[in-house]
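The UniProt record's numbering puts the first residue of the sequence shown at 1, with every later residue one more than the last. Note that beta-carbon positions come from the ideal geometry of N, C-alpha and C, so glycine has one too. Here's the structure, in structure tokens; my notes come after.
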Amino acid sequence: MESKNFACKTTNVIYGSISEKYEIFEKIGEGAYGEVYRGFDKERRRIVAMKRLKMSSGNRLPKVCLREMETLQKAQHKNVIACRDFIQDEKSLYLTMDYAPYDLRTLINRTLSYNMKFEPEEVKFYTVQLLRGLSHIHSQSIIHRDLKPSNLLITHKGILKICDFGMARNFSSTEKLYSPLVVTRWYRAPEILLSYGKYGQPIDLWSVGCILAELSLMRVLFPGTSDIRQIYSIFEALGTPSEAVWPGYSELPIVRKTNMVQFPSSKVKAVFAPLTDSGYDLVTRMLTYDPNRRITAKQALQHTFFGEENVLEKPSTESDHREKKKMPVKRKSEDAESHPDEMVPKKRTWRRGDELRM
Ligand SMILES: Nc1ncnc2c1ncn2[C@@H]1O[C@H](COP(=O)(O)OP(=O)(O)O)[C@@H](O)[C@H]1O
Ligand SMILES: [Mg+2]
């Protein structure tokens, strides 16, 4: 196979037939720019995930795909999915990655379907890993721009891996306007919803706040069905912002044009009632309207929420739920567990303390 530098300086693309190096199995995901398959790396003898990105006319990759490759490579960390190869054949470009059999959306849905919820320590266990990955991504001057449960993969050992850098971009602190069409609506920060193109890394912390709340409350925090409903769903829970809580709010394009309904902020405590005092404090620091006052990933990692005494021997997981309920294993893909070459412990071996102490 021939290796060449492809369109962007940092990314080495191998030209050749994908089947020389990989076997392709079934499709496991589908998105805007391509499909994701489970596959097998013949050299490393490991199960992998392969994202096939469609080429546009003239055999060129859309700019977003180049961004995905570049940012993913730059973001490498224990809590970011590891990318292995970029292989281009005649029609497509394959991005191969380590395979993770679960994602947080599936775990939330399964847990709900068993009428169960996450233990407080599990919530911390996943949140702390998400923040570690995000803190690293941000230190590399990247904004992820699409954090949500289905983009958070979970390995057999319970390690959370941020994936899907399809929306990610390098962040520069210059006064640049970015696209407002980013972040899945339910996890989208108010500065994007209110057409403020000058957003930055704080938008990712808003998404983390929504995810932390979802894990604690076992429901989507702000499930808006349109942009305006999304805004009002946020305002209803947190109170309509004002110049006092968000300097510059009244100058935001949509606010200037619209007579915003005024909701009081008195309900906030009730919305997050299941959280401990420190959980409430952290989530409201993440869901702070003013992006300049919103907590950063690095600061959030120091928050007392993660130092609270509330130790579980081992976070209960989907496999525990299955054991308790005698449920059959049913996931998006089963074969990884049975594949002889996949290094998978038969039983989950992680301990909550391991992650929190790391
Ligand atoms: N490395 C991976 N291991 C296992 N599944 C993956 C992996 N990468 C992606 N997937 C699955 O494919 C889905 C879509 O991939 P993603 O990168 O999020 O692309 P998009 O959402 O842009 O289509 C994910 O939600 C996940 O279920
Ligand atoms: Mg995705």
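Check whether the Cβ of residue i lies closer than 6 Å to any heavy atom of ligand 2, and answer yes or no.
{"i": "Asp-164", "result": "yes"}
{"i": "Asn-151", "result": "yes"}
Which same chain residues, not among the five before or five after residue i, have their C-beta less than 7 Å away from its C-beta?
{"i": "Glu-323", "result": "Any answer about Glu-323 is weak, because its pLDDT of 47 lies below 50 and its placement is not dependable; what the coordinates show is given next. None."}
{"i": "Lys-91", "result": "Met-55"}
{"i": "Lys-257", "result": "none"}
{"i": "residue 379", "result": "What the structure shows of the chain is the stretch from 1 to 358, and residue 379 is not part of that stretch, so it cannot be assessed."}
{"i": "His-77", "result": "Gly-133, His-136"}
{"i": "Pro-247", "result": "Asp-290"}
Is residue j closer than 7 Å to residue i when the C-beta atoms are compared?
{"i": "Tyr-99", "j": "Val-48", "result": "yes"}
{"i": "Arg-294", "j": "Leu-153", "result": "no"}
{"i": "Val-36", "j": "Lys-51", "result": "yes"}
{"i": "Val-123", "j": "Ser-207", "result": "no"}
{"i": "Ser-150", "j": "Asp-103", "result": "yes"}
{"i": "Asn-79", "j": "Leu-160", "result": "yes"}
{"i": "Ile-234", "j": "Pro-190", "result": "yes"}
{"i": "Ser-195", "j": "Pro-253", "result": "yes"}
{"i": "Pro-241", "j": "Trp-186", "result": "no"}
{"i": "Glu-26", "j": "Arg-38", "result": "yes"}
{"i": "Ile-18", "j": "Asp-85", "result": "no"}
{"i": "Met-218", "j": "Lys-117", "result": "yes"}
{"i": "Ile-162", "j": "Gly-133", "result": "yes"}
{"i": "His-138", "j": "Ala-270", "result": "no"}
For ligand 1, any of its heavy atoms closer than 6 Å to the Cβ of residue i?
{"i": "Ile-142", "result": "no"}
{"i": "Tyr-22", "result": "no"}
{"i": "Tyr-99", "result": "yes"}
{"i": "Val-183", "result": "no"}
{"i": "Val-36", "result": "yes"}
{"i": "Asp-103", "result": "yes"}
{"i": "Gly-158", "result": "no"}
{"i": "Gly-31", "result": "yes"}
{"i": "Ile-108", "result": "no"}
{"i": "Ile-154", "result": "no"}
{"i": "Ala-168", "result": "no"}
{"i": "Ile-81", "result": "yes"}
{"i": "Ala-75", "result": "no"}
{"i": "Ile-211", "result": "no"}
{"i": "Ala-270", "result": "no"}
{"i": "Ile-28", "result": "yes"}
{"i": "Ala-49", "result": "yes"}
What is the C-beta distance between residue i and residue j, in whole angstroms, given that I count them as a contact (C-beta under 8 Å)?
{"i": "Phe-165", "j": "Ala-82", "result": "Contact doesn't hold; Cβ gap of about 12 Å is too wide."}
{"i": "Leu-131", "j": "Ala-300", "result": "5 Å"}
{"i": "Gly-197", "j": "Leu-177", "result": "3 Å"}
{"i": "Asn-170", "j": "Thr-71", "result": "7 Å"}
{"i": "Tyr-15", "j": "Asp-41", "result": "The pair is not a contact, with the Cβ atoms about 18 Å apart (cut-off 8 Å)."}
Residue i: buried (16+ other C-beta within 10 angstroms of its C-beta) or exposed?
{"i": "Thr-145", "result": "Note that residue 145 is Arg in the sequence shown, not Thr. Arg-145 comes out buried."}
{"i": "Gln-201", "result": "buried"}
{"i": "Gly-34", "result": "buried"}
{"i": "Glu-68", "result": "buried"}
{"i": "Lys-157", "result": "exposed"}
{"i": "Glu-334", "result": "Bear in mind that the predicted position of Glu-334 carries a pLDDT of just 35, short of 50, making it unreliable; the figure below should be weighed with that in mind. Looking at its Cβ environment, which holds fewer than 16 other Cβ atoms inside 10 Å, Glu-334 is exposed."}
{"i": "Arg-188", "result": "buried"}
{"i": "Thr-304", "result": "exposed"}
{"i": "Leu-112", "result": "exposed"}
{"i": "Val-261", "result": "exposed"}
{"i": "Pro-120", "result": "buried"}
{"i": "Thr-96", "result": "buried"}
In chain order, what residues of the same chain have a beta carbon less than 6 Å from the beta carbon of residue i, not counting five sequence neighbours either side?
{"i": "Leu-212", "result": "Thr-127, Val-283"}
{"i": "Thr-155", "result": "Ala-100"}
{"i": "Leu-53", "result": "Tyr-33, Gly-34, Cys-65, Leu-93"}
{"i": "Thr-276", "result": "none"}
{"i": "Glu-20", "result": "none"}
{"i": "Ile-231", "result": "Leu-193"}
{"i": "Ile-24", "result": "Tyr-37, Gly-39"}
{"i": "residue 401", "result": "Outside the displayed span of the chain (1 to 358) sits residue 401, for which this structure offers no information."}
Excluding the five sequence neighbours on either side, which residues of its own chain have a C-beta within less than 8 Å of the C-beta of residue i, listed in chain order?
{"i": "Ser-172", "result": "Ser-141"}
{"i": "Val-268", "result": "Ala-237, Leu-238, Gly-239, Thr-284"}
{"i": "Ile-192", "result": "Pro-180, Val-182, Val-183, Tyr-199, Ile-203"}
{"i": "Val-255", "result": "Leu-194, Tyr-249"}
{"i": "Met-167", "result": "Val-64, His-144, Arg-145, Asp-146, Val-182, Val-183"}
{"i": "Glu-214", "result": "Ile-108, Pro-149, Val-220, Leu-221"}
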